[in-house]
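To start, the structure under review is shown below, and the notes come after it.
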Amino acid sequence: MHFDIETLKLFALVVECGSISAASEPGNMVASAISRRLAELEESAGVPLLRRLSRGVEPTPAGRSLYEHVKTVMAQLHKIECDISEYREGVQGKVRICVNMTALCYYLPATLKPFMSQYPAVQIELTEQLSDDIPGAVASGVADLGVCAPTKTVVGVSEAFFRNDPLVLITPLNHPLAKRKRVRFEDTLNENHVMMQQGASTNTLSVRAASAANQHIHATVQVTSFEAMRNMVSEGLGVAVIPEIALRGADASRYSCVRLVDHWCNREFKILWNNNVSQSTAVMRLLRHLRGGA
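So for the sequence shown, this note's numbering puts the first residue at 2; every next one is plus one.
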């Protein structure tokens with residue numbers, strides 16, 4: 002059986018587009034030419050690879066198997082090209098990283114600086130996402146890497162330690178808890194809480210801890226930034242669980258900070274990647290840099 006790389010690419014494109022006509026534009030080839038290529042591929046394979054429907058096509062079981070192999074081959078060819086280009090032009094390419102707000106604002110800038118100095122041809126695309134969404138983005142291939150405080154595991158996603166990121170409680174200055182040096186999270190559940198939006202790891206962890214104590218959180222306000230959280234607490238609208246690093250450089254005279262003693266408040270940031278995907282040299286170099294920086 003003879004395989005032509007360009008024909009295999011067209012086959013995969015047709016499967017993904019759902020029809021030959023839909024694949025003609027991205028494949029830069031007229032539909033009749035694609036049909037001829039696919040017919041030759043099926044003749045070479047000796048089995049039908051596509052089932053023709055009234056509106057488009059779908060892969061047969063043999064076609065589905067071939068499609069999965071083609072994706073693997075294409076990924077390997079991409080990696081070969083990236084590896085060879087390193088010798089020809091130096092490490093280059095784009096690395097897509099999904100990060101949560103804390104990592105984006107406080108941890109990654111200083112960590113990325115030496116890497117970008119060493120590999121100036123690498124483009125890093127940072128996308129802020131909620132921690133709960135990042136493992137899925139890495140698993141699906143939307144992101145090459147992820148940096149967050151994951152609250153769940155996803156099949157196929159590997160992780161490594163990146164940074165400790167302790168959580169603390171901030172309260173209004175005149176609040177009874179402000180006099181405490183340490184407090185259990187459970188002891189705050191009679192108070193009004195200012196919380197990050199749903200999907201943020203601080204929100205998920207707090208709700209989970211309250212549920213474990215058979216209680217609910219009285220969430221008076223939900224916000225999308227730590228600055229907003231500090232301002233709400235300063236105005237007396239509630240207490241808040243916040244990353245300790247998010248208080249750096251802020252006006253500490255407007256609120257009080259109390260240490261949380263619960264184990265889950267010693268939050269760990271992780272680096273996430275998909276071991277089932279063949280990564281470019283640029284991605285692997287950055288992954289090694291991030292893990293070494295931990």
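Don't be surprised by glycine CBs; every beta carbon is placed ideally from N, CA and C.
Proximity to Thr128 [Cα-Cα], best of Val96, Ser20 and Val262: Val96
Nearest residue (CA-CA) to Asn275, options Gly142, Thr103 and Leu54: Gly142
DSSP state of Asp166 mapped onto helix, strand, coil: strand
Pairwise C-alpha distance: Leu287 and Ala295: In this predicted model, Ala295 has a pLDDT of only 49, less than 50, meaning its place in the structure is not dependable; the value taken from the coordinates is given anyway. Distance between the alpha carbons of Ala295 and Leu287 is about 12 Å.
Alpha carbon of Arg65 to alpha carbon of Ser45, nearest angstrom: 16 Å
Cβ neighbour criterion (16 or more within 10 Å) applied to Phe270: buried
Ranges of the beta strand (DSSP E) found wholly within the stretch 86 to 145, counting only runs of at least 3: 94 to 100 and 123 to 129
Between the CA atoms of Leu78 and Ala23 - distance to the nearest angstrom: Approximately 25 Å between the Cα atoms of the pair.
Given Val169 as reference, the closest of Met75, Val92, Glu26 and His264 once Cα atoms are compared: His264
Rounded straight-line distance, which links the Cα of Tyr107 to that of Pro121: 22 Å
C-alpha gap between Val278 and Glu126, whole angstroms: 19 Å
Opening and closing residue of the beta strand (DSSP E) in which Ala201 lies: Run containing Ala201: none; DSSP gives neither H nor E here.
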